[in-house]
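Below: the structure, in structure tokens.
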Amino acid sequence: MGASMNRQPGPGLVLATTLPLLAAACILPSGLDGGLSPLLAGGLPLAWATVLALFLCASSRGLMAALGAALPFSAYALAAFAVRPLAPWVAVLAGTSLAALAWSRTARPRAGKLETGRPRADRPEASRPLADRPRTDGGAGRGWRLHLAAVTLFGAVPGFAPAFLGFPLAGAAISALSASLALLVLAGRRR
Amino acid sequence: MRRFLAAIACMAMGLSLSAQAAAQTATDAPARAIISLDSGRPGRFVAWAFNYATISGRDGFSGPARLYGGSADGTRLVLFETRLSRVESIRVCFYAWPDLSELFFEGLDAGGAALSASLRLRPGSPDPESARLQALPFSYRRMPPGGRPRSVSAVWLEDGGLEMASRRALSVLFAPGRRPAALVALALWTAASVSAAFYHKRKRAGIGAGWPAQAEGAATPDMSAGTGGSATPGRPRGPEHPPSRPMAVSVSHKTICAATCAAACVAACVAAGILGAAKAELYSVYVAADPATRAAGAPSGAESRVANAGLPPGLQPGADGGRILILESVQKGSYTLHSWKAAENGLASGSGGSEAGAVAGGLYFMALRSPLEAAVPVSAFDGFRRVRFKVPPLVVTGMDGHPVIAASAIAASAISQVWGLP
């Protein structure tokens with residue numbers, strides 16, 4: 006059960022991400038009477054994708070697949086419902102998504118919960134990052150999902166906070182910094 | 007001697023303090039400018055219409071500038087707003103209503119000093135048109151979920167009076183509709199992304215044809231979880247399949263797939279953004295003002311049955327026939343004009359406020375939906391003698407320098423309602 010929660014992203018995840026968003030785009034009118042905040046309009050599809058990825062496929066690859074599938078819907082929502090100008094808010098959404106993805110790659114399960122022993126060369130998981138390796142203890146699957154969700158939020162929130170307060174460019178800059186820190190952590194682990 | 011010196015010191019201190027106060031006063035008090043209405047008569051304006059004025063100052067203008075309008079009851083609204091770059095005078099456009107009693111201007115001169123002006127307005131003499139517009143009702147709106155009907159019965163629209171006509175127009179006719187091109191693009195992206203996920207899953211499972219065999223011990227990141235290092239079905243292993251650079255082929259194929267997916271995602275985002283961009287819309291429907299004029303111009307029974315054949319049951323006219331209003335959508339640059347006009351031979355006729363299908367004594371009920379950016383110019387209302395806005399609109403300067411009605415604020419959730427006299 007725990008291993009099935011951490012399977013590779015498949016068509017089911019992409020379908021579950023895109024189909025409800027497509028249905029919402031068809032149901033909603035092409036424009037509203039008032040403009041929405043760009044964070045709300047563009048962020049809702051990405052938030053939906055993130056929640057679904059963490060629930061159905063708790064891995065950084067699943068998160069990447071879900072966010073990638075939801076991006077065009079986020080672009081449509083920004084163009085149809087969000088007040089102008091859009092450029093700073095697009096930068097914020099892109100930055101926070103990248104930061105969340107980068108930090109999700111750094112998530113590692115608790116020591117002792119993976120298979121013990123040296124990684125064998127013939128095992129495909131040996132070459133995969135820790136964040137994508139399957140877990141063998143089904144009882145800790147929910148714990149791993151919560152851990153991955155916490156790390157993902159840790160990467161996304163610093164960029165969202167100033168944007169939410171009305172400083173989108175500052176949010177984009179902080180997201181870039183957060184993503185860089187995550188990449189630094191990943192590079193340090195590989196040495 | 008000491009007393010004399012102390013007196014001199016006190017006088018000098020007093021003089022310096024008064025000089026500083028005078029300088030501070032001179033700095034704080036804004037310079038003056040002059041507001042001149044284009045009507046030619048001092049303080050006279052045209053009520054229920056857009057008016058123009060020129061604001062001139064000795065040192066010119068720069069930076070942000072605002073024109074406020076004050077009513078007799080003390081309310082103050084921003085009527086015009088712009089941002090200037092060193093001009094000698096400003097030409098402002100503002101909407102006036104009968105209760106408008108004063109205009110205030112605030113801005114900066116070319117040197118950056120504060121600038122202000124005010125003008126007392128004189129109420130015009132009462133006229134029947136103004137009284138008629140004053141009495142017109144506005145209604146509420148329930149955002150219509152569907153699309154715009156192609157035709158509508160005038161009898162259905164006008165049954166119940168002007169207030170009911172405005173409510174029906176807002177809740178049924180004035181709909182944003184759908185943008186099929188954007189929805190098709192999103193549907194194609196959904197299909198493509200799901201297909202790509204299926205292909206990726208099959209490739210991981212080793213079912214895809216033409217994939218080079220993997221030598222035992224060579225790590226493949228794409229293999230599905232839990233399968234370990236055992237041979238997957240369909241993949242031959244052994245010395246008859248020598249591993250000629252398996253890792254290089256794996257990495258390049260993976261890179262190509264990733265690059266293709268990223269490029270497709272970017273293309274889909276651009277297409278969805280362009281096709282889904284919301285345009286401002288101006289809706290207009292002709293409403294007969296009184297029952298007598300509603301009867302005028304009604305087609306014969308046979309003509310009305312033919313014209314009404316495509317109408318849904320709720321919009322079918324009664325047995326006595328009635329005028330049919332047909333939708334005509336025209337692209338007007340930065341906005342789209344959707345107007346329902348009386349049909350002649352099944353086609354919408356006329357344009358703007360004067361049309362062959364309009365009956366004398368009628369009104370136009372309009373709504374302006376521009377939530378995202380200023381797009382509807384003031385010139386869109388040139389075909390009307392008088393227009394009555396539910397809320398006086400804010401006029402800004404468009405990209406081409408002409409006055410444009412500002413976009414609605416987020417909190418206002420406004421669709422601007424307007425009655426127009428052609």
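Top line first, the protein sequences correspond to chains L and A. For the first sequence, position 83 (counting from the first letter as 1) is numbered 88 according to my numbering, and the numbering increases by one without interruption. For the second sequence, position 374 (counting from the first letter as 1) is numbered 380 according to my numbering, and the numbering increases by one without interruption. C-beta atoms are modelled at their ideal positions from N, C-alpha and C, and glycine is treated no differently.
Please list, in chain order, the residues of the segment 166 to 187 of chain A that have any C-beta partner in chain L closer than 8 Å.
Within the segment 166 to 187 of chain A, the qualifying residues are Ala181, Pro182, Gly183, Arg184, Arg185.
Quick check on A/Lys260: does DSSP put it in helix, strand or coil?
Start at 1 with the first residue of the second sequence, and residue 260 of chain A comes out as number 254. Looking at A/Lys260 - three-state DSSP - the assignment turns out to be helix.
Between which residues of its own chain and A/Leu317 is the CB-CB distance below 7 Å, once the five residues before and five after are set aside?
Position 311 of the second sequence, counting from 1, holds the residue named residue 317 of chain A. With a pLDDT of only 44 at A/Leu317, under the threshold of 50, the placement of this residue in the model should not be trusted; the figure read from the coordinates follows. Counting only Cβ-Cβ distances below 7 Å, and skipping sequence neighbours, we find Ser157, Ser159.
Please compile the residues from chain L whose C-beta is within a distance smaller than 7 Å of the C-beta of A/Glu94.
To locate residue 94 of chain A, count along the second sequence from 1; it is residue 88. Near A/Glu94 there are no residues of chain L at all, since even the closest Cβ is about 30 Å away, more than 7 Å.
What are the partner residues of A/Pro182, as DSSP defines its beta bridges?
Position 176 of the second sequence holds residue 182 of chain A. Beta-bridge pairing links A/Pro182 to no other residue.
Label A/Glu431 either buried or exposed according to how many other C-beta atoms from any shown protein chain fall within 10 Å of its C-beta, with 16 as the threshold for buried.
The question about residue 431 of chain A has no answer here: the residues shown for chain A are numbered 7 through 428.
Closer than 8 Å, Cβ to Cβ, to anything on chain A: give me those residues from the segment 87 to 103 of chain L, in chain order.
Flagged, chain order: Ala87, Val88, Arg89.
Is L/Ala145 close to chain A, meaning its C-beta is less than 8 Å from at least one C-beta of that chain?
In the first sequence, counting from the first residue as 1, residue 145 of chain L sits at position 140. In this prediction, L/Ala145 scores a pLDDT of 48, lower than 50, which makes its location untrustworthy; no coordinate-derived value is stated.
Whether or not the segment 94 to 102 of chain L and the segment 165 to 184 of chain L are in contact is what I'm after, with contact meaning three or more pairs of Cβ atoms, one per stretch, closer than 8 Å; do they touch?
In short, these stretches touch, since the Cβ pair count reaches three.
Quick one: grab the DSSP three-state call for A/Pro377.
Numbered from 1 along the second sequence, position 371 holds the residue referred to as residue 377 of chain A. Note: A/Pro377 maps to coil in three-state DSSP.
Could you please give me the residues that DSSP links to A/Tyr58 through a beta bridge?
As a first step, residue 58 of chain A is located in the second sequence; it is residue number 52 there, counting from the start. DSSP lists A/Cys99 as partners of A/Tyr58.
For A/Val424, count the other beta carbons within 10 Å of its own beta carbon; 16 or more makes it buried, fewer makes it exposed. Which is it?
Along the second sequence, read from residue 1 onward, the residue named residue 424 of chain A stands at position 418. It is buried - the Cβ of A/Val424 has at least 16 other Cβ atoms within 10 Å.
Could you tell me which of A/Arg92, A/Gly63, A/Thr88, A/Ala102 sits nearest to A/Ser77, measuring between CA atoms?
Position 71 of the second sequence, counted from the first residue, corresponds to residue 77 of chain A. Considering only alpha carbons, the answer is A/Ala102.
Count the other CB atoms within 10 Å of the CB of L/Ser64; is the residue buried (16 or more) or exposed (fewer)?
The residue you call residue 64 of chain L lines up with position 59 of the first sequence. Buried is the call here.
For L/Gly193, which residues in the same chain have their Cβ closer than 6 Å to its Cβ, ignoring the five residues on either side in sequence?
As a first step, residue 193 of chain L must be located in the first sequence, where it is residue number 188. Counting only Cβ-Cβ distances below 6 Å, and skipping sequence neighbours, we find nothing.
Sorry if obvious, but does the Cβ on L/Leu76 come closer than 7 Å to a heavy atom of the ligand SAH?
Absence of the ligand SAH from the depicted structure is noted, as is the absence of any ligand whatsoever, leaving it without description.
Identify whether A/Leu11 lies in helix, strand or coil by the three-state DSSP scheme.
Position 5 of the second sequence holds residue 11 of chain A. Helix at A/Leu11.
If contact means a Cβ-Cβ distance below 9 Å, which residues of the segment 10 to 28 of chain L contact chain A?
Within the segment 10 to 28 of chain L, the residues whose Cβ lies closer than 9 Å to some Cβ of chain A are Asn11, Arg12, Gln13, Pro14, Gly15, Pro16, Gly17, Leu18, Val19, Leu20, Thr22, Thr23, Leu24, Leu26, Leu27, listed in chain order.
8 Å is my cut-off, CB to CB: does L/Ser35 come that close to chain A?
Taking the first sequence and counting its residues from 1, the one referred to as residue 35 of chain L is at position 30. For L/Ser35, the answer is yes, since a Cβ of chain A falls inside 8 Å of its Cβ.
Go ahead and pull the three-state DSSP assignment for A/Thr88.
Within the second sequence, numbered from 1, the residue matching residue 88 of chain A stands at position 82. A/Thr88: strand per DSSP, three-state reduction.
Residues in the same chain with beta-carbon distance under 8 Å from L/Ala187, minus the five sequence neighbours each way, listed in chain order, please.
As a first step, residue 187 of chain L must be located in the first sequence, where it is residue number 182. Excluding residues within five positions, the ones whose Cβ falls inside 8 Å are Ala104, Ala107, Trp108, Arg110, Thr111, Gly160.
Hey, does L/Phe78 have any beta-carbon neighbour from chain A nearer than 8 Å?
Within the first sequence, the letter at position 73 stands for residue 78 of chain L. Taking Cβ atoms only, chain A reaches closer than 8 Å to L/Phe78, which makes this a yes.
Using a Cβ-Cβ cut-off of less than 7 Å, list which residues of the segment 138 to 160 of chain A approach chain L; keep chain order.
Answer set for the segment 138 to 160 of chain A: Met149, Pro151.
Whether or not the segment 65 to 80 of chain L and the segment 16 to 32 of chain L are in contact is what I'm after, with contact meaning three or more pairs of Cβ atoms, one per stretch, closer than 8 Å; do they touch?
Taking 8 Å as the limit for Cβ pairs, the verdict is that the segment 65 to 80 of chain L does touch the segment 16 to 32 of chain L.
Can you tell me whether A/Glu164 is buried or exposed, with buried defined as 16 or more other CB within 10 angstroms of its CB?
By one-based count along the second sequence, residue 164 of chain A stands at place 158. By the neighbour-count rule (16 or more Cβ atoms within 10 Å), A/Glu164 is buried.
Tell me which residue opens and which closes the alpha helix (DSSP H) that L/Phe277 is part of.
Outside the shown range of chain L, which is 6 to 196, sits residue 277 of chain L, and nothing can be said about it.
For the putative contact between A/Leu400 and A/Leu288, defined by C-beta atoms under 8 Å, what is the C-beta separation to the nearest angstrom?
On the second sequence, residue 400 of chain A is found 394 positions in, with the first residue counted as 1. On the second sequence, residue 288 of chain A is found 282 positions in, with the first residue counted as 1. Not a contact, Cβ separation roughly 16 Å.
Excluding the 5 residues flanking L/Leu91 on each side, which residues of the same chain have their C-beta closer than 7 Å to its C-beta?
Start at 1 with the first residue of the first sequence, and residue 91 of chain L comes out as number 86. So the qualifying residues of the chain are Pro43, Leu83.
What is the DSSP secondary structure of A/Phe51, reduced to helix, strand or coil?
Looking up residue 51 of chain A in the second sequence gives position 45. Here A/Phe51 sits in coil by DSSP.
From A/Arg128 to A/Ala18, what does the alpha carbon distance come to, in whole angstroms?
Along the second sequence, read from residue 1 onward, the residue named residue 128 of chain A stands at position 122. Along the second sequence, read from residue 1 onward, the residue named residue 18 of chain A stands at position 12. C-alpha separation (whole angstroms): 50 Å.
Under 8 Å between C-beta atoms, does L/Ala168 make it to chain A?
Numbered from 1 along the first sequence, position 163 holds the residue referred to as residue 168 of chain L. It does not: the Cβ of L/Ala168 has no partner Cβ on chain A nearer than 8 Å.
DSSP state of A/Thr403, grouped into three classes?
For this step, residue 403 of chain A is matched to residue 397 along the second sequence. If DSSP states are grouped into helix, strand and coil, A/Thr403 belongs with the strands.
Can you give me the Cβ contacts of A/Ala191 inside the same chain, cut-off strictly under 6 Å, excluding the 5 residues immediately before and after it?
Position 185 of the second sequence, counted from the start, is the residue given in the question as residue 191 of chain A. Excluding sequence neighbours, A/Ala191 sits near Ala277, Ala278, Leu281.
Which class does A/Met170 belong to by DSSP, given the choice of helix, strand or coil?
Taking the second sequence and counting its residues from 1, one reaches residue 170 of chain A at position 164. Reduced to three states, the DSSP call for A/Met170 is helix.
Counting along the chain, where does the beta strand (DSSP E) carrying A/Leu333 start and finish?
Walking along the second sequence from the start, residue 333 of chain A turns up at place 327. Looking at the DSSP string, the run of the beta strand (DSSP E) that includes A/Leu333 is 330 to 338.
Alpha carbon to alpha carbon, how far is L/Thr101 from A/Pro377?
Along the first sequence, one-based indexing puts residue 101 of chain L at 96. Along the second sequence, one-based indexing puts residue 377 of chain A at 371. Looking at the two C-alpha atoms, the distance is approximately 27 Å.
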